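Here's the structure we're looking at; comments come further down.
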Amino acid sequence: MAISRRQFISYSTLALSSLTLPLEGFARRPVSFERLMDFKPYGNVTLVFTSDLHGHLKPLYFAEPMNLLAPEALRGTPGYLTGADFLKFYKIKPGSVDAYLGSCVSFIKLAQLYGMTGGAPQLSTVIKTTVRERGRDRCLLLDGGDTWATSGIALKTEGMAIVEWLNYMDYDYIVAHWDVTVGKEKFLDIVKNRLKAKMISYNITEEPFGELVFPPYDVVERGGVKIGIIGSSFPYTPLANPRKFTEGWSFGVKPEELQNHVRELREKHKVDLVVLLSHDGLPLDIALIKMVKGIDIVISGHTHDITPVPVRVGETLIVSPGSHGKFVGVMDLDVRKGKLQGYRFKLIPVLSEVVPEDKKAKELVKRWYAPYEKEFNTVVGKARTLLYKRDTLYSTWDRLIGEALADQLHGVDAVFGLDVATSPGYRWGTTVLPGQDITVEHVYDVLGITYPEVFVMKRKGRDLLALWEDVADNVFNPNPLYQQGGDMSRIYGVEYELKVNAKQGERIRNVRIKGKPLELDKEYTVAVYGGPPPPGVEPLKKNIRDIVIEYIKKKKDIEVERKPNVKVLDHPYNTDCYWR
Amino acid sequence: MDRRRFLLASAVAVAGLAVLPAIKPAYATPALEKLEKELQQRLGVQLGQIKEVADIKLTAPTIAESGANVPITVESTIPIEKVEQLWVFVDKNPTPWITDVKFTPMNGQVYFSTRIKMGETSNVRAILKLKDGSYVMATKEVKVTAGGCG
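As they're listed, the protein sequences go chains A and B.
With our numbering, letter number 144 in the first sequence gets 144, and the count goes up by one each step, no holes.
Count along the second sequence from 1, add 580, and you get the number used in our numbering.
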């Protein structure tokens with residue numbers, strides 16, 4: 001490890017000269033592993049947690065969004081903070097490690113300076129060190145879901161590579177969302193037979209009578225403290241992903257039932273502390289906790305938010321540890337006399353080049369990767385533009401995918417030329433820096449879904465508009481209870497104006513398809529993927545990954561339009577944060 | 581099988597409803613016109629004459645997992661002796677009337693659970709007619725969506 005750290009330091013010294021940011025503090029004191037881990041144990045119980053790993057066992061770049069557009073009532077609140085606003089809100093110094101991991105500001109420069117983030121061997125070291133300093137009997141290890149799906153290695157091993165790592169780490173509890181997309185049978189096999197951690201969920205029930213599928217909560221002792229831990233899986237899994245993965249199960253947000261579980265834990269089980277492990281997303285959890293009393297801590301996954309300090313709602317502390325293995329959350333708690341007396345909280349940044357690798361975890365990753373290394377490492381092209389995925393409305397990855405679909409379908413038959421290609425606003429993916437090789441694994445990391453089929457169909461202008469309005473309401477409804485989570489669908493071939501705060505059905509304006517105003521009764525040719533399959537439409541022979549890989553290979557140098565196809569009328573919309 | 585489950589099971593069998601294809605834009609329906617007509621016809625009152633009260637509890641998802649199958653439950657702490665009848669309406673369904681249920685003191689309490697079909701995002705209304713001739717109501721908006729992204 002000493003070698004790679006030295007490499008890192010010399011590397012960073014070189015890169016420093018090209019930075020325009022005030023980085024003197026960093027230059028004088030390069031980041032060390034010890035400094036990243038600098039967090040003195042406190043209290044008698046510790047929650048150690050990760051969320052939304054999205055199947056990543058190896059380090060990667062992952063850029064935080066330039067925009068998280070919010071309806072007026074929620075603007076500027078945690079869950080909708082990006083870039084310079086994020087830094088200001090949490091008083092983070094521009095150019096620091098925390099700034100690099102938590103905001104979009106100067107991402108390209110800082111990525112070159114600090115390198116990749118995450119990786120199972122690095123996460124293992126951080127988790128093991130934290131646990132060793134405190135003692136295993138005082139620590140509760142939690143993961144907030146979106147764990148063993150949506151990456152190349154997750155897909156190839158049906159999640160098992162990540163499951164084995166979770167077992168190696170000795171995680172205690174987990175909840176789910178994308179994890180079900182390995183298939184319902186496989187999912188049940190994992191949580192019942194393969195995974196050491198316990199799957200808990202108060203909001204997954206059998207239809208139609210509502211029997212619980214998993215235990216809603218568990219009672220566990222750590223450091224002499226009796227903890228009640230409740231699980232909440234993603235409430236809209238049946239809508240966000242094809243229904244077949246959750247056939248016969250119902251999900252949902254159920255404040256009253258949650259309150260009953262809290263009461264039961266407090267009164268019947270006499271617990272000292274109540275923790276909610278949730279995949280609801282930060283805005284929804286904030287709204288939910290306004291209705292449910294008696295929960296001490298919420299570990300909130302799904303929206304990939306980073307909360308350098310907890311969000312306080314009444315007596316409850318809500319924390320969200322980001323995504324893609326960028327952080328390990330550590331919350332030291334002082335619980336005495338049946339009550340939370342105090343806490344210390346830190347999101348430990350996982351800089352892959354600084355954190356020493358755990359040997360056994362590295363071997364585990366190597367073993368699972370071995371059969372696929374050759375395919376994954378195949379270079380298909382070179383990025384000339386930053387390829388990023390996350391944003392409320394637009395991304396260069398999605399633009400590239402749209403181009404690939406258009407190219408594919410024009411090539412087949414000019415008459416069947418494509419008008420519109422939609423790409424789902426998933427929050428996960430990977431980031432490729434300008435000048436970096438694009439590999440097959442990168443494509444998997446953006447399109448690693450178990451239902452990669454592409455469907456081409458005819459749709460009337462009015463139906464398209466209604467559908468986009470519907471998605472817009474799921475993203476921009478002022479009440480988080482009516483938001484479904486996720487970002488806006490990316491619509492290639494279309495330009496439009498968006499009024500975030502307009503009523504449902506009136507947000508999307510001046511739609512132009514291929515440069516001409518949308519006609520309500522005209523039929524358009526539309527390509528879609530990554531959602532519930534449209535009934536009665538046969539998929540194309542090639543799936544979305546094949547199409548994108550083929551296109552990148554053909555073009556080789558991948559330069560992508562940075563300018564979004566959406567004009568936002570009533571909200572600032574940043575388009576240069578990464579490049580500053 | 582306890583009483584609640586029995587009620588629910590029987591209600592599932594009873595409530596047969598109109599079908600409508602998936603998503604329709606919210607602005608395409610003239611607001612409340614159809615509902616008012618139905619209320620006039622079935623209850624003989626206007627929406628404005630029905631008081632929204634806290635002692636009726638209408639439980640329904642904020643976002644339906646499927647418009648074809650939306651679970652709803654109506655409960656009330658109003659003594660059963662004072663209650664005559666329950667109606668359920670969905671404002672924007674092609675036929676807003678869903679069902680009506682007569683209560684007798686033998687029911688013990690106001691509790692009704694069923695599954696309904698909804699063509700689009702709409703208010704769901706549970707209206708009780710009391711023995712004194714007055715009408716009271718609980719309303720909840722249920723969103724019907726084509727789904728979206730993870």
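Glycine is no exception: its CB is placed at the ideal position from the N, C-alpha and C atoms.
In this text the structure is predicted, and so the values were computed from the model without any measurement.
Taking a cut-off of 8 Å for Cβ pairs, the segment 531-538 of chain A and the segment 428-441 of chain A do not touch, as fewer than three such pairs fall below it.
Of the residues A:V528, A:G322, A:V568, the one whose Cα lies closest to the Cα of N510 of chain A is A:V568. If you check the CB distance, W368 of chain A and T157 of chain A come in under 7 Å. Bounds of the alpha helix (DSSP H) holding E441 of chain A are 440-447. Annotation: the continuous beta strand (DSSP E) that includes I229 of chain A extends over 225-232.
Counting the other CB atoms within 10 Å of its CB gives V379 of chain A a total below 16, which places it among the exposed residues. Counting along the chain, S124 of chain A sits inside the alpha helix (DSSP H) bounded by residues 120-134. For Q629 of chain B, the closest alpha carbon among the candidates B:K697, B:P685, B:I707 is that of B:I707. Listed in chain order, the positions of the segment 640-668 of chain B with a beta carbon within less than 7 Å of a beta carbon of chain A are P641, T642, I643, E645. When the Cα atoms are used, V354 of chain A and L101 of chain A turn out to be separated by approximately 14 Å.
Here K58 of chain A has G119 as same chain residues with Cβ atoms under 6 Å from its own Cβ, once five neighbours each way along the sequence are excluded. Excluding sequence positions up to five before and after L409 of chain A, its CB lies within less than 7 Å of the CB of F416, G417, L418, V456, A527, all in the same chain and listed in chain order. One alpha carbon belongs to D85 of chain A, the other to W579 of chain A, and they sit about 17 Å apart.
Scanning A:F33, A:V446, A:D137 for the CA closest to the CA of V225 of chain A turns up A:D137.
In the DSSP assignment, I652 of chain B falls within the unbroken beta strand (DSSP E) covering 650-656.
T130 of chain A and Y529 of chain A have their C-alpha atoms some 41 Å from each other. Within 10 angstroms of the beta-carbon of N474 of chain A lie 16 or more other beta-carbons, which makes it buried. Within the segment 345-428 of chain A, the beta strand (DSSP E) runs of at least 3 residues that lie entirely inside it are, in chain order, 379-383, 420-425. Within a 10 Å sphere around the beta-carbon of E469 of chain A sit 16 or more other beta-carbons, which makes this residue buried.
Each residue's CA atom was taken as its position, placing S489 of chain A and R390 of chain A some 11 Å apart.
Around A726 of chain B, the beta-carbon contacts reaching into chain A at under 7 Å are L467, D470.
Fully enclosed alpha helix (DSSP H) runs of no fewer than 4 residues occupy 83-89, 97-102, 107-114 of the segment 36-115 of chain A, in order along the chain.
Here P242 of chain A has Y451, P532, P533 as same chain residues with Cβ atoms under 7 Å from its own Cβ, once five neighbours each way along the sequence are excluded. Chain A has no Cβ within less than 7 Å of the Cβ of K614 of chain B. Bridge partners of Y343 of chain A according to DSSP: A:L333. Residue state for R705 of chain B is assigned as strand, using DSSP reduced to three classes. The C-alpha of E64 of chain A is placed about 22 Å away from the C-alpha of V48 of chain A.
From the listed residues A:V191, A:Y202, A:Q483, the smallest Cα separation to L265 of chain A is found for A:Y202. Residue contact check for K697 of chain B against chain A: no CB pair falls below 7 Å. Put simply, of A:F89, A:L53, A:I513, A:A161 the residue whose alpha carbon is nearest the alpha carbon of R462 of chain A is A:I513. With a cutoff of 7 Å on beta-carbon distance, G448 of chain A and G152 of chain A are scored as near each other. L638 of chain B and E616 of chain B have their C-alpha atoms spaced approximately 20 Å apart.
Of all C-beta pairs linking the segment 242-252 of chain A to the segment 29-45 of chain A, fewer than three are shorter than 8 Å, placing the two stretches out of contact. Shown in chain order are the members of the segment 527-539 of chain A whose Cβ falls below 7 Å from a Cβ of chain B: G531, P532.
Just measuring C-alpha positions, the residue of A:L140, A:S323, A:R312 sitting nearest H304 of chain A is A:S323. Taking E721 of chain B as reference, the option from B:R695, B:N703, B:T679 with the minimal CA-CA separation is B:N703.
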